[in-house]
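Listed in order, the protein sequences are those of chains E and L.
Quick note on numbering: this note's numbering labels position 358 of the first sequence as 358, and the sequence is numbered without any gaps.
Quick note on numbering: this note's numbering labels position 336 of the second sequence as 777, and the sequence is numbered without any gaps.
From the three backbone atoms N, C-alpha and C, an ideal C-beta is built for every residue, glycine too.
For reference, the structure discussed in these notes is given below.
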Amino acid sequence: MREAKNSLGVIFFPAFDWCISPTHPEREERLLYTQDQLKEEGLFDIEGIVEHKPGVAAREDVERVHFCFPELESVATRSHMVAAGGTMTAADIVMTGRAQKAFALVRPPGHHARKVVHGSRGFCNINIEAVMVEHLRERYGKRRIAIVDTDCHHGDGTQDIYWHDPDVLFISLHQDGRTLYPGTGFPQECGGPRALGRTINIPLPPGTGDEGYMTAMERVVMPILRDFAPEVVINSAGQDNHFTDPITNMNLTALGYARLTDMLGADIAVLEGGYSIQGALPYVNLGICLSMAGMDYSGVREPGFDVVRHGQRPQVAEYVDKLCDAIPDIYFNPPKLAPGKGERIEGDWFVRDKNIYYDTDAITEAQTESLFLCDSCRGVLKVVSRSTKNPDCLGVEIPLHACPACRERGLAIYDEGQARGGYRYCQLIDRPGGRCLRSGF
Amino acid sequence: MYLGIDVGGTHTDAVALDESGVAAQVKVRTNHQDLLASIIEALEGILEVVPARDVAQLNLSTTLSTNAIVQGKLEDVGLLVTPGPGINADEFMLCRDYHVLGGSIDHRGSEIERLDEDAASEAIAACRKAGVRMFGCVGKFSTRNPLHENTLRQMLGPEGGEIADSVTLGHELGGRLNFPRRLATAYFNCAVWRVFGAFADAVEQSLARLGLAHVRVNTLKADGGTFPLAQARRMPVQSIFSGPAASVMGIIALCDITLDSVILDIGGTTTDIAVFVDGQPLVEHDGINIGSHPTLVRALKVRSIGIGGDSAIGVLGEVVRVGPNRLGPSQADCVAEGCPCADDARPTLLDALNYVGLADHGNVAASRQAVEAFARCHSIGPAVLAERAVTAAAGAIHAATRELIAEINDKPVYTIHELLEGRRVAPKRVYVMGGPAQAMKEPLRRRFELFTVVPEHAGVANAIGAALTRNTASLELFADTEKGVMFIPALGHRENVPRVYSLKDAERDALNHLLGHLAEMGVIADGDNAQINNASSFNMVSDGVTTGRNIRVKCQIKPGVAFTLTGGGR
């Protein structure tokens, strides 16, 4: 009787038996009411909308993305592997044509997980979008991919992983880092020396509502996406920008989210944060599902919206307008390479120092990341990291499509690191060779 | 003595039996214009052998409600609907007198918007003007809080009163969440209410006339259970599509099933495939579809494919196929002994089975002739054609079964434990019944490579199943200790509970209410057959503090038979 315009696969996995701690926002109850709402709406009885079981990510699926120190098992639980597997299932569904679009409604989230993982940051251990992106590349040969992160928090993990990748366009719309965790995501953060303008940050002021988000979508996100012309568009669909969210200050509504989803037209959406589990998630997720399926979402309305309290103020609109004037230029005319604070050029290497705090696990990490400035490929990446949990660790990544010289260079650095680098753990991601190596266990 | 009558598409089967075995069995043609006449004819046949006073119980599986729906003999229904926000409710418009009213309840059962009583009064007035006497009141999340449905019920007055002859409330259809299904189920329940009531009256009168007034009458449901006729009058929609369930229950009565198994009921036009897990039939996750409308009517998981004894054999290039179309009965059945069959006679699976010698049914010569003629047309050897047809039929049944098993194993789960360590269904045995069961046994065994059983009495297994099926019932309990309420939608039971109310308390209450409800209907259910299907308790946290528990319990009287007739298979 009812039919979806676009077929949609929904990977719904609420992990009803997993939590960070019993009263943590990331707990068993998180998707309970969403499930109730989707069931009560009869969503999966709609012709074309099918519920799927998630797959489970394998070790190599994660190891081709992250340097996990000391090893994968100590930073990722089974639930992380299932969440990552869920995103891969979403990719499989779309790539094999079983559905035109897919939505991975899985937990826990992943967009704060960086290239190097010592533990959990912002409730994230494994970057589930990145696992999916690399799966899309490895299995389906995709290259140009866009990730639009609409979570209220800056997707600093995803940004870090794709900082040097010119084939991944990462756009994050989030609450201004001066007012919210993780405190990053400013427009001048626009990508590494070989991928300038491929990271776009849109820090929105607290109190941004539907109108502000739509302005940013229309004036910044969509023109850039059209120009970049990716093969696959992914939405990191965090839902903590809702006006009822307990840990953020934005005023987006479920209907606004559905419109945003509609405009973006992502092939695959992945749930990220969102902790207003009763007041927002049931409605926002319904809105996203209907919107992705090309159905009428105009009736999706959550209780409690008060125009006076939650309406967007005029000053916010003005500010957003100014942002939208400036930001597209970063993509269309990226700045010239100029080392910033904590960055320097050492010979053929571009080096930056980073200090990272893992808030969920209370770990501090000091990292030196070096990119070889190669003229014929993305360049080999070398990361030296030490944290309050682990002594010196080495990670070497030879990226996909690396030139033979860079591959040799990467292998040599890894061998040397093992032989006399003084590293406790070494990891190698050798994408051209299709393998990941570890030593030091 | 237990009586079972299965009114099927072609035949009406009846049996009388007790622990010592089948005392009488009757097969009559079903008269679709007058189902009652078929039932009486079958009963009279039984009573020729069995004295009326020995009969204690009659279980009836009837297509009455199904036929009424299929033939569109549906009464006008007034639907009073409170959909609240979400998917546009106009999409579910099932009938002319469909009134969407303001008012909404959320997933926790909190009233978000009051019921628009003025609009409700107007809607009721409009229905009265249109001459509507059947009402369904359905709200979104009414299984969490039935406030609006109950208010509408009040406004409609008593059943049989000035406004309504019958009122179906959405939450009474069960506690599962699915508003569109609730709506469709309520609609069909209203729409067949009167015709089922009249039928029940007629059955009771006929029984009295036949000296069977003392007999307990139950109606079969699609979920492999029965419910008393009085209950069926209230919820006639539950009686639809009970045919496949009767057959499945028949197998339980005839065989001792303990392993994961596949049940194949091969009929004239279709084969029904059912799956047993740990010796119990699997129940459909959501509910069956009536036409294009998904409903909440629980049913055994049965997959039907268009392959039966009368399925036509076709040849496409090199490939021999069977079904899914049926071009009339087999030549073995329709050609009289000694007569030649028509030149363009199309052989069926049964003819092929006759040809290869697996069956010896009806006019075997006609089967041979038809297969030979058809083989000549397609330049294949007749033996090859027949052999391939049989193999194709077994192959198609096997493929459909595999698909069904895969679907069962792919069912979404919601915990890491189930996902990583969940039990997978892997059939160890195949049970075959229906007309061509014995003939298809060997080809199926070869294809499935599993131990294959054809039980005794396989031909009337459906009526045996009907006769021996026990009462079943199920209910869902929902408790919210922050609000301090417990609610059992199916019974309309709502009570206050203390903050310390736990999952254990909820499980106990659910089972007690289930057994109590059956006792009220005059059914003595064995507590051992009551089981908890699902029980979960979530801590609800607000601002970092646990505020209560959200508890859900689902329980049922598991489907089963009064006793078994395990004489062993052939």
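Unbroken beta strand (DSSP E) stretches of 3 residues or longer found wholly inside the segment 540 to 576 of chain L: 552 to 554, given in chain order. By the criterion of at least three beta-carbon pairs nearer than 8 Å, the segment 118 to 127 of chain E is in contact with the segment 68 to 78 of chain E. Met981/L has a beta carbon lying within less than 8 Å of a beta carbon in chain E. In this model, Pro677/L and Asp149/E are separated by some 51 Å (Cα to Cα).
Between Pro587/L and the set Ala571/L, Ala833/L, Ile546/L and Ala625/L, the nearest pair of CA atoms involves Ile546/L. Counting along the chain, Arg744/L sits inside the beta strand (DSSP E) bounded by residues Val743 to Ile746. Boundaries of the beta strand (DSSP E) around Gly462/L: Gly462 to Arg470. Between Leu515/L and Ala605/L the beta-carbon gap is near 17 Å, outside 8 Å, which marks them as no contact. The C-beta of Asn912/L comes no closer than 8 Å to any C-beta of chain E. If you draw a straight line from the Cα of Asn659/L to the Cα of Val456/L, it comes to about 15 Å. Around the Cβ of Asn912/L, a 10 Å sphere holds 16 or more other Cβ atoms; the residue is buried.
Sorting Gly709/L, Ser808/L and Asp801/L by C-alpha distance to the C-alpha of Asn766/L places Gly709/L at the top.
Within the segment 112 to 140 of chain E, there are no complete beta strand (DSSP E) runs of at least 3 residues. Around the beta carbon of Pro685/L, 16 or more other beta carbons lie within 10 angstroms, which makes this residue buried.
At the C-beta level, Gly212/E and Leu204/E come within 8 Å of one another. Note on the segment 174 to 229 of chain E: whole beta strand (DSSP E) runs with a minimum of 3 residues are 199 to 204, in chain order. With respect to Leu618/L, Asp61/E sits apart: the two C-beta atoms are not nearer than 8 Å. Just so you know, the alpha carbons of Arg843/L and Thr893/L end up roughly 16 Å apart. Per DSSP, Glu369/E is one residue of the beta strand (DSSP E) stretching across Ile363 to Phe372. Per DSSP, the continuous alpha helix (DSSP H) segment holding Glu40/E begins and ends at Leu32 to Glu40. Residues of the segment 834 to 864 of chain L that bring their beta carbon within less than 8 Å of a beta carbon in chain E comprise Asp851, Lys852, Pro853, Val854, Tyr855, Thr856, Ile857, His858, Leu860 and Leu861, in sequence order.
Ranked by Cα distance from Arg787/L, the first of Glu778/L, Val812/L and Glu936/L is Val812/L. Between the alpha carbons of Ala237/E and Gly863/L lies a distance of about 29 Å. The beta carbons of Glu778/L and Asn804/L sit about 6 Å from each other, so the pair counts as a contact at 8 Å. Counting along the chain, Leu458/L sits inside the beta strand (DSSP E) bounded by residues His452 to Asp459. Residue pairing of Pro722/L in beta bridges, as defined by DSSP: Phe717/L. The C-beta of Ile729/L has 16 or more other C-beta atoms within 10 Å across all chains shown, which makes the residue buried. Counting C-beta atoms within 10 angstroms of its own C-beta, Leu885/L has 16 or more neighbours from the protein chains shown and is therefore classed as buried. Sorting Val168/E, Thr215/E, Met263/E and Ala254/E by C-alpha distance to the C-alpha of Pro230/E places Val168/E at the top. Residue contact with chain E for Arg537/L: absent (no Cβ-Cβ distance below 8 Å to any residue of chain E). Pro770/L and Asp751/L do touch by the CB rule: their CB atoms are close to 5 Å apart, below 8 Å. Under the Cβ distance rule, Arg762/L does not count among the residues neighbouring chain E, no pair being separated by less than 8 Å. Residue state for Tyr358/E is assigned as strand, using DSSP reduced to three classes.
When 9 Å is used as the limit between beta carbons, His52/E is near these residues of chain L: Asp851 and Pro853, in chain order. Here Cys568/L is not near Val608/L, since their CB atoms are 8 Å or more apart.
Within the same chain, Cβ atoms closer than 6 Å to the Cβ of Lys354/E are found at Gln367, the five residues on either side in sequence being excluded.
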